[in-house]
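First residue of the sequence shown: 14, per our numbering; consecutive thereafter.
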Amino acid sequence: MTLNDLLLRLRTASQQGLAAPILLLMVLGMMVVPLAPTVLDLMFTMNIAVSLIVLLGVIYVLRPMDFSAFPTVLLFVTLLRLALNVASTRVVLLHGHEGTHAAGQVIAAFGEFVVGGNYAVGFVAFIILTIVNFMVVTKGAERVSEVSARFILDSLPGKQMAIDADLNAGLMTREEARERRNEVREEADFYGSMDGASKFIRGDAVAGILILIINIVGGLLIGTLQHGMGLQAALTNYTLLTIGDGLVAQVPSLLLSTAVAVLVTRMSRAQDMSQMLAGQVFGQPRVLAIAAGVLGLVGLVPGMPNMVFLLLAAVAGGSAYMLSKRRREAANRPETKPAAPATPSELSWDDVGHSDVVALEVGYRLIPMVDARQGGELMSRIKGVRKKLTLELGFLVPAVHIRDNLELQPASYRILVHGVPVAEASVYPDRDMALNPGRVFGTLDGIAGRDPAFGMEAVWIERGMREHAQTLGYSVVDASTVVATHLSQIIQTHASEMFGHDDAQALLQQLAKQAPKLTEDLVPKMLPLAVFTRVLQMLLAERVSIRHLRVIAESLAENAARSQDPVALLGPVRVALGRQIVQEISGMTPELQVLTLGAPLEQVLQDSLKGGGSAIEPGLAERMHQSLSENARRQEQNGQTPVLLVPGALRPMLARFTRQTIPGLHVLSFDEVPDNKRIRMVAAIA
């Protein structure tokens, strides 16, 4: 069989998923089947090559998670090295009396060339290598692995909560959230595996010491008692072979220990080690200049190797000068001058100012958050918010126009709807906001504040405290997420103001593709476009999605002959959408907990409507508002959505009454509750 045939069969086995089982069987077979010295040379050389390849792979990998197979690779390589130790021990003890070349060329080379044929020197070299490997590299890597695994596992709940918060805020899709959850889970699995894999290296180092002692003692006994060798000859042969075997095993073991230490001490940043060292150490002119000065001073001390120190000082100083010169040239490079302004033209209707539907004004310190060239993520977050709200509300949310405003505070922003400011807040772009979800296990140092969207207690913390805050139970978001979440809440609140006639016409065009006859008969034959638009605006004002447009259109078509009043048409439409409305409030729970009106109060309100009045007497309105607010707050504290269930005739008036003052309260009519929902009265409003 030629080498090409062997490589071809190995490639075929790998494609069929047989490479790993075959490799494992080969490793286990090496512990049982005697190997010839030539095969041992090949396997020892391959072991060193594989260890070197793994180390280089760790150095050039961008992130530790990109080498997720490292713990498994470490296990296989460790098993390979231990199997080679067992195979070489068998050869050394069986044929050691024949000379130092009895176990192959590789062991002989390490026993004679590397340590000069002196077993005392070889023994000292082996001990030093073992101490470096076991006490320094392996011990440190094991400790770092333990700490990393503990912190990653402790921060897992906080990361999951942050992903859920971003998903609920519309900053990512469900697919992106699923990918991030998989990344978090894979990261926890990886560092947990690394914590266990570091024990392989430690055990391998201990096994190397024990194998050395066993081989020397066993070789002396076999050489003197079985082969009649003299004590000096047996000590020379078997000790050189054993030390050569130990050095051949310790070199790849040290390479793998170094690879483990490098991988677990890496930061999770998309950058290889060469870029990190060049940018953080050797890419700093000031560091190189100071090092050149110190080396130059040491080089002038009499009795020191002056030429070596002065040469290194010249190299460091020259590098510092070149880096500094390159940075000055980049800073002084002239910028492209803007073109000269054109001659002013005559005024036209295009010069008439118009207000944007939704606008975001930012202070000058928040401009980098908007500029993608400076790493700003706010634009992408806003696109995610628009996509999520478009799917939820049922119409195309208008684009958000972003501009700077020097009249604002440097770290403030303002949200405008149709040119009118509706919200304003401040953020810290260089910090993260740690939100208190209601149950945390400690306090944080930072700037106290509140979430501008929902008013939750929060702390603005340094970015380096993110992992610590998540382990304490806080939900941590950056400044861009805070602004995007606030914008999402404002759009939901003012959705009815953003929906216009053009949007209604666009929805009708989409509906015509599914139900052309229904669309043709509805507008304008049965209803004017203005009435259709007004009904949809009233639904959005009451936080009802209009994505089920066909149901809305069919209900309007059934009731258009009775009335053209949008308020009168809203009731039947809400009844048709009752299942959707209740589903969004209570989910899949079979029971709906509600507040109701007391019989005397309900009768008073019914009489007020019969008398033609639509306003509530001030004293009665104050008492109703206080009672509704207290009961709604009590339900929210119990983790339930407050719902007021009233007769259909009273629902429009009470919905207008509570819309602004108690925004979390849903006002439903009895007809809107589906038959499969059980109703449980929590309290009666007197």
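Backbone N, C-alpha and C define an ideal beta-carbon position, used for all residues, glycine too.
Provide the residue span of the alpha helix (DSSP H) that contains residue i, from first to last.
{"i": "T546", "result": "L542 to A554"}
{"i": "A497", "result": "A492 to T506"}
{"i": "S682", "result": "Counting along the chain, S682 falls outside any alpha helix (DSSP H), though it belongs to the beta strand (DSSP E) covering H679 to S682."}
{"i": "L95", "result": "F83 to H108"}
{"i": "V157", "result": "K152 to D167"}
{"i": "L520", "result": "H514 to Q527"}
Under a Cβ-count criterion, where at least 16 other Cβ atoms within 10 Å of its own Cβ denotes burial, should residue i be classed as buried or exposed?
{"i": "G316", "result": "exposed"}
{"i": "S576", "result": "exposed"}
{"i": "F467", "result": "exposed"}
{"i": "V160", "result": "exposed"}
{"i": "M694", "result": "exposed"}
{"i": "I141", "result": "exposed"}
{"i": "Q263", "result": "buried"}
{"i": "P34", "result": "exposed"}
{"i": "G232", "result": "buried"}
{"i": "L240", "result": "Note on identity: in this sequence residue 240 is His, with Leu being the wrong assignment. The residue in question, H240, is exposed, as its Cβ has fewer than 16 Cβ neighbours within 10 Å."}
{"i": "G171", "result": "buried"}
{"i": "M207", "result": "buried"}
{"i": "Q387", "result": "exposed"}
{"i": "V321", "result": "exposed"}
{"i": "H514", "result": "exposed"}
{"i": "E374", "result": "buried"}
{"i": "G397", "result": "buried"}
Beta-carbon within less than 6 Å of residue i's beta-carbon, same chain only, minus the 5 sequence neighbours each way: which residues are those?
{"i": "G309", "result": "A326"}
{"i": "R399", "result": "V410"}
{"i": "S599", "result": "L605"}
{"i": "D369", "result": "H414"}
{"i": "T609", "result": "L658, M694 and A697"}
{"i": "G407", "result": "S558, I559 and R560"}
{"i": "V275", "result": "V71"}
In this structure, how does DSSP classify residue i when only helix, strand and coil are distinguished?
{"i": "P381", "result": "helix"}
{"i": "M242", "result": "coil"}
{"i": "S558", "result": "coil"}
{"i": "E635", "result": "helix"}
{"i": "I428", "result": "strand"}
{"i": "G232", "result": "helix"}
{"i": "L260", "result": "helix"}
{"i": "A352", "result": "Note that A352 scores a pLDDT of 48, beneath 50, so its modelled location is shaky; the value from the coordinates is reported in the next line. Coil, per DSSP."}
{"i": "G455", "result": "coil"}
{"i": "S64", "result": "helix"}
{"i": "T15", "result": "With a pLDDT of 47 at T15, under the threshold of 50, the modelled position of this residue cannot be trusted, and the question is left open."}
{"i": "L373", "result": "strand"}
{"i": "P315", "result": "coil"}
{"i": "M469", "result": "coil"}
{"i": "L475", "result": "Here the sequence assigns Glu to residue 475, which means Leu is not the residue at that position. Here E475 sits in strand by DSSP."}
{"i": "L48", "result": "coil"}
{"i": "I675", "result": "coil"}
{"i": "D179", "result": "helix"}
{"i": "D417", "result": "strand"}
{"i": "S337", "result": "helix"}
{"i": "S488", "result": "strand"}
{"i": "V659", "result": "strand"}
{"i": "V74", "result": "coil"}
{"i": "E390", "result": "coil"}
Between which residues of its own chain and residue i is the CB-CB distance below 7 Å, once the five residues before and five after are set aside?
{"i": "K350", "result": "Because K350 carries a pLDDT of 48, less than 50, the predicted location of this residue cannot be relied on, and the following value inherits that uncertainty. Closer than 7 Å at the Cβ level, and outside the excluded window around K350, lies no residue."}
{"i": "S439", "result": "Q422, A424 and S425"}
{"i": "N572", "result": "L582 and P585"}
{"i": "R191", "result": "none"}
{"i": "H638", "result": "T674"}
{"i": "S337", "result": "P298"}
{"i": "F512", "result": "F408, L549, Q550 and L553"}
Note the first and the last residue of the continuous beta strand (DSSP E) segment covering residue i.
{"i": "M446", "result": "R444 to L448"}
{"i": "P434", "result": "V433 to S439"}
{"i": "M694", "result": "R691 to I698"}
{"i": "R463", "result": "I460 to R463"}
Excluding the five sequence neighbours on either side, which residues of its own chain have a C-beta within less than 8 Å of the C-beta of residue i, listed in chain order?
{"i": "P434", "result": "R427 and I428"}
{"i": "M78", "result": "E196, E199, E200, F203 and S281"}
{"i": "V453", "result": "L485, G486 and Y487"}
{"i": "A352", "result": "The predicted position of A352 is uncertain, since its pLDDT is 48 and thus under 50; a value taken from the coordinates is nonetheless stated next. Nothing listed; no residue qualifies."}
{"i": "V714", "result": "Because the chain is modelled from 14 through 699, residue 714 falls outside the range shown and cannot be assessed."}
{"i": "E390", "result": "M382, D491 and S493"}
Between residue i and chain D, is there a C-beta pair that is closer than 7 Å?
{"i": "E196", "result": "Protein chains in the displayed structure number just one, and chain D is not present."}
| Considering only residues of the region 557-632, which uninterrupted beta strand (DSSP E) runs meet the minimum length of 3 residues and lie entirely inside it, listed in chain order? | 604-610
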